[in-house]
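For reference, the structure is listed below as structure tokens.
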Amino acid sequence: MGKFQIESGRYYIRIPFTNSSIHGDYQFNVILTVLIVLFFGAIFFYILSNIFKALGARIIFNKKSITNLHFFTILNLVVAPIVYLLIHFPIMEKTDYKDIHNLILHLIFGVIALFLTQIFKNGYKIQMENDLTI
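Under our numbering, read the sequence shown as residues 1 to 134, first letter to last.
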């Protein structure tokens, strides 16, 4: 048996040095869900890292910070609910809401990012006015 093997619709992954293995059903909906979540997570953390990089600049209230915060807001308030509903109903065909806490967390992130975006827009405007008066 190799490190990874598929037999009759089930996968087997041997864990080195432990004499144990991981096994389960090879289902398309599970693989699709994992891929969608990984893609969403990569975008989420990429935008979040861009926000932190922009905040490390000498001038905090800049266009790059505002743009990244705006993208983060859209990602959490629009894209996250669409991804949740897409995964929850058509792909996994669930009828309950046991994992709705993930969606609520993204909505909270989105609302906080929306407030921060407005604060940064106002800060940028005031900073530009101060730069012009000096």
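Beta carbons: idealized from backbone N, C-alpha and C, even for Gly.
**Message:** The beta strand (DSSP E) that contains Tyr-12, what's its start and end?
**Reply:** 10-15
**Item:** Contact set for Asn-19: own chain, Cβ-Cβ below 6 Å, skip 5 residues either direction
**Value:** Around Asn-19: no qualifying Cβ.
**Message:** Could you give the first and the last residue of the continuous alpha helix (DSSP H) run that contains Asp-131?
**Reply:** 100-133
**Prompt:** Tell me the DSSP bridge mates of His-70?
**Reply:** Per DSSP, none; premise fails for His-70.
**Request:** Spatial neighbours of Tyr-84 within its chain, please: CB distance less than 6 Å, with the 5 preceding and 5 following residues excluded, ordered by chain position.
**Result:** Leu-103
**Request:** Please check the pair Leu-69 and Phe-120, which I expect to be a contact at CB under 8 Å, by giving their CB distance rounded to whole angstroms.
**Result:** Indeed they touch by this definition, with Cβ atoms about 6 Å apart.
**Prompt:** Can you give, in chain order, each stretch of the beta strand (DSSP E) that sits fully within the stretch 40-97 and has at least 3 residues?
**Reply:** You should have found no qualifying run.
**Message:** I'd like to confirm the pairing. Which residues does DSSP put opposite Ile-22 in its beta bridges?
**Reply:** In the DSSP assignment, the residues bridged to Ile-22 are Ile-13.
**Asked** Any chance the stretch 23-40 sits against the stretch 49-56, with 3 or more Cβ pairs inside 8 Å?
**Response** no
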